[in-house]
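Every number in the numbering used here is 307 more than the matching position in the sequence shown, counting from 1. Read through the structure below, which is laid out as structure tokens, and then see the notes.
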Amino acid sequence: MKAVRYIWAFILNARFAITQSCGDITISSEHDVDAIKTCPIITGDIVITTEAAGRIELDGVESVGGSINVTGSQISSFSAPSLKSVTKDILFYDLSDVQDISLPRLNFIGGQFDFVALSSLSSLNISGFNDTSHLKQFTLQDAPKLRQVSIYTPTIEKLIIIGRGSLEVGLKVDASIPKSFGVSTIGGCSSLSGFFNSTTIDNFTLIGNNFTELDLSGLRINDAMRIVDNPALEKVLLPNPSSLQDSQLPPTGPDAPQWKHAEISGNPRLDSKNILMQSTSNFWAWGAQNVSTLIFQGVFHSDFFYWQQTPKGKYPDTSLVYTTDQFSVNSTDMLFDCEFLNAMRYQGLFKKDYSCQGRSLRSSSPVRRISYYTLLVGLGLFLWAFFLQ
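This is the structure we're talking about:
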């Protein structure tokens with residue numbers, strides 16, 4: 308019996324040791340890593356100091372009640388094969404030697420999820436997220452050797468991905484599942500896949516990317532769209548400004564555009580002939596009305612803004628307001644004619660700031676056209692009066 312009691316005591320102690328939790332953890336060496344292998348639950352933070360080097364594997368850690376912070380260390384690899392949840396942030400900053408980061412079972416983060424200034428990173432595994440996952444913030448920036456990243460999360464409140472021109476980004480979520488992103492900035496990428504099907508984005512910026520075509524037809528934008536400084540971009544299919552993709556254009560009432568800002572500028576290979584709109588070929592019939600700001604800079608031709616008679620009516624509709632704060636066009640087309648847009652300005656379709664080819668026009672001032680004949684007559688009268696004196 309005494310032997311049996313010793314056996315049971317050993318089993319219970321072993322079980323307690325295996326399932327025990329630990330508070331704040333500081334890792335500066337492999338010895339520190341070994342010390343937490345019996346701690347599947349970390350109630351505090353895990354901090355990997357600048358003294359840490361080599362491979363760091365948090366084997367057996369399943370949850371962290373605080374944050375994981377890896378900043379400025381010399382580690383070459385980081386993995387947490389059993390980690391499922393982190394209550395606060397996961398931060399990887401300023402790591403010049405880390406080549407791979409693997410979090411294959413992670414599916415919950417309560418705070419930021421950041422990878423910034425990782426000059427040697429070539430592999431990133433965050434495949435544990437699923438169609439019900441949610442991220443507050445995902446940042447991937449300044450990782451020049453990383454060629455591919457896959458995101459498995461349909462809901463991200465703030466998304467920032469800035470590559471070096473060759474990064475391939477894929478959203479690995481079923482196309483039929485609604486996806487929602489808040490403020491989203493994507494730059495320096497060579498391709499995007501899976502982002503623009505059944506997706507809602509509040510504030511969307513595409514900057515400095517290297518893809519040639521962009522299909523945004525499945526996108527709903529709630530606040531702002533910026534397509535700027537994409538050197539290889541040649542063709543764009545714009546999203547419908549309406550909340551209902553199949554609504555009558557231009558939408559009114561609850562289906563009217565909610566955008567505040569739309570900008571297409573600095574895309575040298577994008578000709579306005581290849582900026583396409585759903586359900587119409589006329590920009591004004593497309594539905595961008597009552598927007599705070601519209602900014603266009605690049606290869607835009609005058610006819611992109613001309614009026615058109617459509618089955619639904621004549622556009623632009625002079626009873627509408629198209630911009631409430633700013634309208635600006637700067638075209639590289641030497642033949643671009645501002646006359647039609649100036650007339651729209653005079654009719655009150657553009658409120659507050661207005662500029663066409665660098666020249667502003669007050670809405671209260673009529674657009675006066677002075678012919679060469681009038682100028683010659685005026686000059687002749689001036690000279691006649693001068694010589695009579």
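Each residue gets a CB set at the ideal place from its N, CA and C atoms; glycine is no exception. Being a predicted model, the structure only gives us computed values, none of them experimental.
A distance below 6 Å between beta-carbons, with the five flanking residues on each side excluded, links Thr506 to the following residues of its chain, in chain order: Lys486 and Leu526. Ser524 sits in coil when the DSSP states are folded into three classes, being neither helix nor strand.
The shortest CA-to-CA distance from Leu478 to any of Ile493, Tyr459 and Ser491 is the one to Tyr459.
Residue pairing by DSSP places Met651 opposite no residue, since no beta bridge is assigned to it. Under the three-state reduction of DSSP, Asn504 is assigned to coil, being neither helix nor strand. Counting of Cβ neighbours within 10 angstroms places Thr587 among the buried residues, the total reaching 16 or more. Rounded to the nearest angstrom, the Cβ distance from Lys452 to Gly489 is 28 Å, too far for a contact under 8 Å. The alpha-carbon separation between Asn414 and Ser370 amounts to approximately 11 Å. Ser328 sits exposed, since fewer than 16 C-beta atoms from the chains shown fall within 10 Å of its C-beta.
Residue range Thr630 to Ser638 is occupied by the beta strand (DSSP E) that includes Asp632.
In this structure, DSSP gives Asp421 an extended state, which the three-state scheme calls strand.
Around Asp578, the same chain offers Glu541, Val606 and His608 as residues with beta carbons nearer than 8 Å, after the five sequence neighbours per side are excluded.
For Ala387 and Leu656, the gap between their C-alpha atoms comes out near 58 Å.
A distance below 6 Å between beta-carbons, with the five flanking residues on each side excluded, links Thr350 to the following residues of its chain, in chain order: Ser328, Gly330 and Gly372. Looking at the DSSP output, Leu627 sits in no beta bridge, so it has no partner there.
Judged by DSSP secondary structure, Asp339 falls within the alpha helix (DSSP H) whose first and last residues are Glu337 to Ala342.
Rounded to the nearest angstrom, the gap between the Cα atoms of His338 and Leu428 is 25 Å. Nearest in C-alpha terms to Phe590, of all of Gly573, Gln615 and Ile602, is Gln615. For the 8 Å CB-CB criterion, Leu601 and Phe634 form a contact. Apart from sequence neighbours up to five positions away, the residues of its chain that approach Lys344 with a beta-carbon distance below 8 Å are Asp366 and Gly367, ordered along the chain. For Gly472 and Phe503, the gap between their C-alpha atoms comes out near 20 Å. Counting of Cβ neighbours within 10 angstroms places Met532 among the buried residues, the total reaching 16 or more. With a minimum length of 3 residues, the unbroken runs of beta strand (DSSP E) contained wholly in the stretch 438-487 fall at 441-448, 455-458 and 462-478. CA-to-CA, the gap between Ile433 and Ala482 works out to about 19 Å. For Phe612, no beta strand (DSSP E) segment is defined, and its DSSP state is neither H nor E. Counting only residues of its own chain and dropping the five nearest sequence neighbours on each side, Ile514 has a CB closer than 6 Å to the CB of Gly494, Val535 and Asp536.
Secondary structure note for Ala360: its beta strand (DSSP E) is the uninterrupted segment Ala360 to Glu364. A distance below 6 Å between beta-carbons, with the five flanking residues on each side excluded, links Thr357 to the following residues of its chain, in chain order: Gly379 and Ser380. Annotated three-state conformation of Ala531 is strand, per DSSP.
Thr439 and Thr617 have their C-alpha atoms spaced approximately 43 Å apart. Excluding the 5 residues flanking it on each side, Phe647 has same chain C-beta neighbours closer than 8 Å at Ser609, Phe612, Tyr613 and Trp614, in chain order. A residue is called buried when at least 16 other Cβ atoms come within 10 angstroms of its Cβ; Gln596 meets this threshold and is buried. Each residue's CA atom was taken as its position, placing Gly470 and Leu499 some 12 Å apart. By alpha-carbon distance to Arg576, the top candidate from Ile508, Asn547, Phe385 and Val543 is Val543. Within the stretch 573-610, the complete beta strand (DSSP E) segments at least 3 residues long are 598-605, listed from N- to C-terminus. Per DSSP, reduced to three states, the secondary structure at Glu541 is coil, with no helix or strand assignment.
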